[in-house]
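**Q**
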Amino acid sequence: RRHSRGDIPKGDVAEMTRATAMLGLKRTPELLPFCHPIPVDHAAVRVEVEETTVRIQVEVAAVARTGVEVEAMTGAAVAALNVYDMVKPVDPTAHITGVRLLKKSGGASDFKNRGERELRAGILVVSDRTAAGKAQDRAGAAVQAGLEAHGVTVAGFQIVPDEPEQIADHVQRWADDDAFDLVFTVGGTGLGPRDTTPEALRPLLEREIPGLAEAIRAYGQERTPYAALSRTIAGQRGTTVIVALAGSTRGAGESVQALMPWLLHVIDVFDKAYRHGP
Numbered sequence: 157r158r159h160s161r162g163d164i165p166k167g168d169v170a171e172m173t174r175a176t177a178m179l180g181l182k183r184t185p186e187l188l189p190f191c192h193p194i195p196v197d198h199a200a201v202r203v204e205v206e207e208t209t210v211r212i213q214v215e216v217a218a219v220a221r222t223g224v225e226v227e228a229m230t231g232a233a234v235a236a237l238n239v240y241d242m243v244k245p246v247d248p249t250a251h252i253t254g255v256r257l258l259k260k261s262g263g264a265s266d267f268k269n270r271g272e273r274e275l276r277a278g279i280l281v282v283s284d285r286t287a288a289g290k291a292q293d294r295a296g297a298a299v300q301a302g303l304e305a306h307g308v309t310v311a312g313f314q315i316v317p318d319e320p321e322q323i324a325d326h327v328q329r330w331a332d333d334d335a336f337d338l339v340f341t342v343g344g345t346g347l348g349p350r351d352t353t354p355e356a357l358r359p360l361l362e363r364e365i366p367g368l369a370e371a372i373r374a375y376g377q378e379r380t381p382y383a384a385l386s387r388t389i390a391g392q393r394g395t396t397v398i399v400a401l402a403g404s405t406r407g408a409g410e411s412v413q414a415l416m417p418w419l420l421h422v423i424d425v426f427d428k429a430y431r432h433g434p
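Quick note on the working numbering: the sequence shown kicks off at 157 and runs consecutively.
Okay, here's the thing in structure tokens:
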């Protein structure tokens with residue numbers, strides 16, 4: 157009631173609380189040691205002053221590698237402290253009941269596969285040295301770990317030398333006979349004389365999906381300029397997505413990070429024959 161009469165000695169509670177929330181969310185990295193500066197694209201603060209309650213709702217949006225829910229909650233928490241500071245001279249019983257996340261959208265969880273069936277993948281490591289037992293596979297294992305972290309079952313895992321016929325035979329069998337949802341080749345995408353994986357795969361692809369290769373290269377180039385030298389390709393054969401990844405452990409693992417979990421949406425597209433747009 158005193159607020160409605162303009163009788164709060166320190167001023168307008170609603171207006172000061174909005175300003176404090178904006179200040180708080182922008183200063184989050186200075187208050188919380190594990191939060192990094194994030195360019196905020198949108199912020200809105202709603203303050204509802206009732207007879208015995210002040211409700212504060214903060215909305216924050218950004219295009220960034222991590223979410224901004226902590227920024228929103230920090231803004232709300234600091235704003236709540238401001239309300240307490242402003243009303244305590246007139247209401248010594250004032251207290252903060254809590255701060256909680258109401259809704260979050262746009263993060264990686266939005267792109268997780270929502271299908272109920274098991275998703276199966278095949279991993280084909282392409283390396284002369286590894287196939288001959290002269291080197292231990294680590295890149296294929298990194299891809300397997302990345303897929304399993306997103307609930308994909310690795311139903312096939314083979315190591316072959318850099319021989320186009322063997323590469324094509326394994327991939328075609330996994331796509332046509334085993335009907336795997338995903339097939340990843342690991343290795344043979346560089347510029348060496350034995351790097352022939354793209355040439356082996358291209359005749360198998362009914363349609364190329366250039367955006368997958370673009371996403372992999374873009375993700376990699378943020379970490380090393382050598383990613384531009386990769387001849388990664390990707391495409392569709394029937395209802396199987398085939399992707400050629402680099403043969404380095406780091407490159408292969410980061411490629412899976414670049415594609416997951418949003419790549420799994422393609423399984424829904426194949427299963428349900430989605431049509432995007434009107």
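Note that beta-carbon positions come from the ideal geometry of N, C-alpha and C, so glycine has one too.
What are the start and end residues of the alpha helix (DSSP H) that includes Val413?
**A** Position 257 of the sequence shown, counted from the first residue, corresponds to residue 413. Per the sequence shown, residue 413 should be read as Gln rather than Val. Gln413 -> alpha helix (DSSP H) spans 405-415.
**Q** Distance check for Val422 and Pro434, CA to CA, integer angstroms please.
**A** Indexing the sequence shown from 1 puts residue 434 at position 278. Indexing the sequence shown from 1 puts residue 422 at position 266. Only weak support exists for where Pro434 lies, its pLDDT of 49 falling under 50; the coordinates are left without a value.
**Q** Tell me which residues share the same chain as Met416 and place their Cβ nearer than 6 Å to its Cβ, disregarding the 5 neighbours each side in the sequence.
**A** As a position in the sequence shown, residue 416 is number 260, starting the count at 1. So the qualifying residues of the chain are His306.
**Q** For Val404 and Thr353, what's the separation of their Cα atoms in angstroms?
**A** Residue 404 sits at position 248 when you count from the first residue of the sequence shown. Residue 353 sits at position 197 when you count from the first residue of the sequence shown. The sequence as given places Ser at residue 404; Val does not occur at that position. Rounded to the nearest angstrom, the two C-alpha atoms are 14 Å apart.
**Q** Name the two residues that bound the continuous alpha helix (DSSP H) containing His421.
**A** As a first step, residue 421 must be located in the sequence shown, where it is residue number 265. Unbroken alpha helix (DSSP H) run through His421: 421-428.
**Q** For His326, I'd like the list of residues in its chain whose CB is within less than 6 Å of its CB, leaving aside the five on either flank, ordered along the chain.
**A** Position 170 of the sequence shown, counting from 1, holds the residue named residue 326. Excluding residues within five positions, the ones whose Cβ falls inside 6 Å are Leu280, Gln314.
**Q** Counting C-beta neighbours from all protein chains within 10 Å, is the total for Thr184 16 or more, i.e. buried, or is it exposed?
**A** Within the sequence shown, the letter at position 28 stands for residue 184. Thr184 should be labelled buried.
**Q** By the three-class DSSP mapping on this structure, what secondary structure does Ala311 have?
**A** To locate residue 311, count along the sequence shown from 1; it is residue 155. Looking at Ala311 - three-state DSSP - the assignment turns out to be strand.
**Q** Within the continuous beta strand (DSSP E) that includes Arg373, where are the two ends?
**A** Taking the first residue of the sequence shown as position 1, residue 373 is located at position 217. Note, Arg373: premise wrong, no beta strand (DSSP E); alpha helix (DSSP H) at 366-377.
**Q** Under 7 Å Cβ to Cβ from Arg174, same chain only, skipping five residues before and after it: list those, please.
**A** As a first step, residue 174 is located in the sequence shown; it is residue number 18 there, counting from the start. Excluding residues within five positions, the ones whose Cβ falls inside 7 Å are Val201, Val203.
**Q** Inspect the CB distances between the region 252-261 and the region 231-242 and report whether three or more fall short of 8 Å.
**A** yes
**Q** May I have the straight-line CA-CA distance separating Lys428 from Leu420, to the nearest angstrom?
**A** Walking along the sequence shown from the start, residue 428 turns up at place 272. Walking along the sequence shown from the start, residue 420 turns up at place 264. If I take the Cα positions, the gap works out to 13 Å.
**Q** Excluding the five sequence neighbours on either side, which residues of its own chain have a C-beta within less than 6 Å of the C-beta of Thr341, listed in chain order?
**A** Here residue 341 refers to the residue found at position 185 of the sequence shown. Same-chain partners within the cutoff: Leu280, Val282, Thr353, Ala400.
**Q** Would you identify the three-state DSSP class for Val234, choosing helix, strand or coil?
**A** Along the sequence shown, one-based indexing puts residue 234 at 78. Correct three-state label for Val234: helix.
**Q** Counting beta carbon pairs with one atom in the region 362-374 and one in the region 332-339, are three or more of them shorter than 8 Å?
**A** no
**Q** Residues in its own chain within less than 7 Å of Ile164 by CB, not counting five upstream and five downstream?
**A** Here residue 164 is taken as the residue at index 8 of the sequence shown, counted from 1. Closer than 7 Å at Cβ, skipping near neighbours: Arg158, Met242, Val243, Val246.
**Q** What residues in its chain sit with their C-beta under 8 Å from that of Ala220, if we drop five residues either side in the sequence?
**A** Start at 1 with the first residue of the sequence shown, and residue 220 comes out as number 64. Contacts found: Ile194, Pro195.
**Q** CA-CA distance, Trp418 and Leu368?
**A** One-based indexing of the sequence shown puts residue 418 at position 262. One-based indexing of the sequence shown puts residue 368 at position 212. Near 11 Å, if we compare the C-alpha coordinates of Leu368 and Trp418.
**Q** What do you get for Glu227, buried or exposed, if any count of 16 or more other CB atoms within 10 angstroms of its CB means buried?
**A** Position 71 of the sequence shown, counted from the start, is the residue given in the question as residue 227. The residue in question, Glu227, is buried, as its Cβ has 16 or more Cβ neighbours within 10 Å.
**Q** Alpha carbon to alpha carbon, how far is His198 from Leu338? Give it in angstroms, no decimals.
**A** Locating residue 338 in the sequence shown gives position 182, where the first residue counts as 1. Locating residue 198 in the sequence shown gives position 42, where the first residue counts as 1. One C-alpha to the other measures close to 37 Å.
**Q** Going by beta carbon distance, what residues of the same chain come within less than 6 Å of Gly312, once the five residues before and after it are set aside?
**A** Residue mapping note: residue 312 aligns to position 156 of the sequence shown, counting from 1. Contacts found: Gly278, Trp330.
**Q** From what residue to what residue does the alpha helix (DSSP H) around Ile164 run?
**A** Here residue 164 refers to the residue found at position 8 when the sequence shown is read from its first residue. Here Ile164 belongs to no alpha helix (DSSP H), and DSSP marks it neither H nor E.
**Q** Does DSSP classify Val327 as helix, strand or coil?
**A** Within the sequence shown, numbered from 1, the residue matching residue 327 stands at position 171. Residue state, collapsed to three classes: helix.
**Q** Taking the alpha-carbon positions, what's the Val316 to Gly223 distance?
**A** By 1-based counting over the sequence shown, the position of residue 316 is 160. By 1-based counting over the sequence shown, the position of residue 223 is 67. Cα-Cα distance, rounded: 41 Å.
**Q** Return the chain-ordered list of same chain residues with a C-beta closer than 6 Å to the C-beta of Ala414, the five sequence neighbours on each side being excluded.
**A** Counted from its first residue, the sequence shown places residue 414 at position 258. The beta carbon of Ala414 lies closer than 6 Å to those of Ala371, Ile372, Tyr375 in the same chain, with the five residues before and after it left out.
**Q** Please name the residue or residues paired with Gln392 in a DSSP beta bridge.
**A** Along the sequence shown, one-based indexing puts residue 392 at 236. BP columns for Gln392 point to Arg363, Val397.
**Q** Report the three-state DSSP secondary structure of Val282 (helix, strand or coil).
**A** As a first step, residue 282 is located in the sequence shown; it is residue number 126 there, counting from the start. Correct three-state label for Val282: strand.
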